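**Student:** Pasting in a structure now, in structure tokens, and then I'll have a few things to ask.
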């Protein structure tokens, strides 16, 4: 693969698209959890997303053919990134507060760069570690009021385990995505199959625990499903995976810190969220972390060759 680098403008654009869309999906996901099993909703979401991508690939004459070895690693990426990861997150929010899940998931900002360092030898800039630490502290402060309101009914410890498990699984999906990018797997075609495998994985989880394959025909459920499939899955993941390829794992994983902050902005606009001094400090730290993460370096931006 030829050496590639990202311009500051393209990096910020891809980062913003991923963060803004995923920040808004928190509202949409709320309409997915009432009457349909979470894993079934995940299966619906990524089946629809894969179908839309397949139609687009067919329309633009992009081949969806891969050899068996490529399918193996595409399936690994899909099962981890689009399947088990989302099933675990959806279920985690049934047992633990969403703020706690967000804090747990923000630790991906450490997991992915460290994993990339271990697997691919990708260097980690010290300022990215500082940005990651500031981001996690900021997210924690942002959700302090929610965490102090008491736990939901159910086993919070199970929610924590599921939240951490989802983060580890998502980090593994990121590493699989990096491997596939280094082997020149086309983004659109590879993502189409990856989401197909992710939908199958979610479906198998649903079958394994005997979930009812129901469908909520209410307008809220249908519209949120389409939003999550088109924007939350297709648009956001294509932007994120492109960012991962161009700017590297440290910067891309910082989306996991920015997303819950933006989600609280949406909550302010649509749900009447009331800000506290701690929340303001938390956002300020997250913004500083964003600035450090996105600040162009004086030297040449990170680039990668085929490994």
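Numbering (the working numbering), first residue to last: 586 to 892. All C-beta atoms, glycine included, are put in the ideal place defined by N, C-alpha and C. Note that the coordinates shown come from a computational prediction; the quantities given were computed from them, not determined experimentally.
1) By the three-class DSSP mapping on this structure, what secondary structure does residue 616 have?
2) Which stretch, first to last residue, makes up the alpha helix (DSSP H) that contains residue 858?
3) Does residue 808 pass the burial test, meaning 16 or more other C-beta atoms within 10 Å, or should it be called exposed?
4) For the alpha helix (DSSP H) that contains residue 839, what are its first and last residues?
5) Considering only residues of the same chain and omitting the five flanking positions on each side of residue 819, which have a CB-CB separation below 7 Å?
6) Does DSSP classify residue 887 as helix, strand or coil?
7) May I ask you to report which of helix, strand or coil DSSP gives residue 813?
8) Using DSSP with H/G/I as helix, E/B as strand and the rest coil, what is residue 801?
9) Taking only runs of the alpha helix (DSSP H) that begin and end inside the stretch 750-810, which ones reach a length of at least 4 residues, in chain order?
10) Does DSSP put residue 633 in a helix, in a strand, or in coil?
11) Measure the beta-carbon distance from residue 756 to residue 624 and round it to whole angstroms, keeping in mind my assumption that it falls under 8 Å.
12) When DSSP labels each residue in this structure, what does residue 833 get in the three-state scheme?
13) Please work out which residues of its chain come closer than 6 Å, Cβ to Cβ, to residue 750, disregarding the five sequence neighbours upstream and downstream, and give them in chain order.
14) Assign residue 648 to buried or exposed, taking buried as 16 or more other Cβ atoms, counted over all protein chains shown, within 10 Å of its Cβ.
15) Please report the distance separating the alpha-carbon of residue 889 from that of residue 712.
16) Find out if the Cβ-Cβ distance for the pair residue 806, residue 656 is shorter than 9 Å.
17) Hey, quick one: how far does the alpha helix (DSSP H) through residue 657 stretch, first residue to last?
18) So what's residue 852 in DSSP terms, helix, strand or just coil?
19) Considering only C-alpha positions, which residue in the set 773, 864, 781 is nearest to residue 824?
20) So what does DSSP say about residue 649, is it helix, strand or coil?
21) Tell me, please, whether the stretch 797-805 touches the stretch 844-861 by the rule of three or more beta-carbon pairs shorter than 8 Å.
22) Does DSSP put residue 596 in a helix, a strand or coil?
23) Using the three-state DSSP reduction, which class does residue 590 fall into: helix, strand or coil?
24) Once DSSP output is grouped into helix, strand and coil, what is the label at residue 922?
25) Have a look at residue 836 and residue 780 and give me their C-alpha separation to the nearest angstrom.
26) With H, G and I counted as helix, E and B as strand and the rest as coil, what does DSSP make of residue 643?
27) Locate the alpha helix (DSSP H) running through residue 693, then write down its first and last residues.
28) What residue from 701, 812, 811, 717 has the CA that sits closest to residue 688's CA?
29) Does DSSP put residue 877 in a helix, in a strand, or in coil?
30) If you run the structure through DSSP and keep just helix, strand and coil, what is residue 626?
**Tutor:** In short, the structure shows the following:
1) coil
2) Here residue 858 belongs to no alpha helix (DSSP H), and DSSP marks it neither H nor E.
3) exposed
4) Note, residue 839: premise wrong, no alpha helix (DSSP H); not H, not E.
5) 634, 637, 638
6) Reliability of the predicted coordinates at residue 887 is poor, the pLDDT of 40 falling under 50, and the value obtained from them is presented with this limitation in mind. Coil.
7) helix
8) coil
9) 772-793
10) helix
11) In fact, because the Cβ distance is near 20 Å, the residues do not count as touching under 8 Å.
12) coil
13) 673
14) exposed
15) A caution first: residue 889 carries a pLDDT of 38, below 50, which makes its placement in the model too unreliable to give a value.
16) no
17) 653-663
18) helix
19) 773
20) coil
21) no
22) helix
23) Note on residue 590: pLDDT 48, under 50, position unreliable in the model; the coordinate value appears next. In this structure, residue 590 counts as coil in the three-state DSSP scheme.
24) Residue coverage of the chain in this structure runs from 586 to 892, which leaves residue 922 outside it and unanswerable.
25) 23 Å
26) helix
27) 693-705
28) 717
29) helix
30) helix
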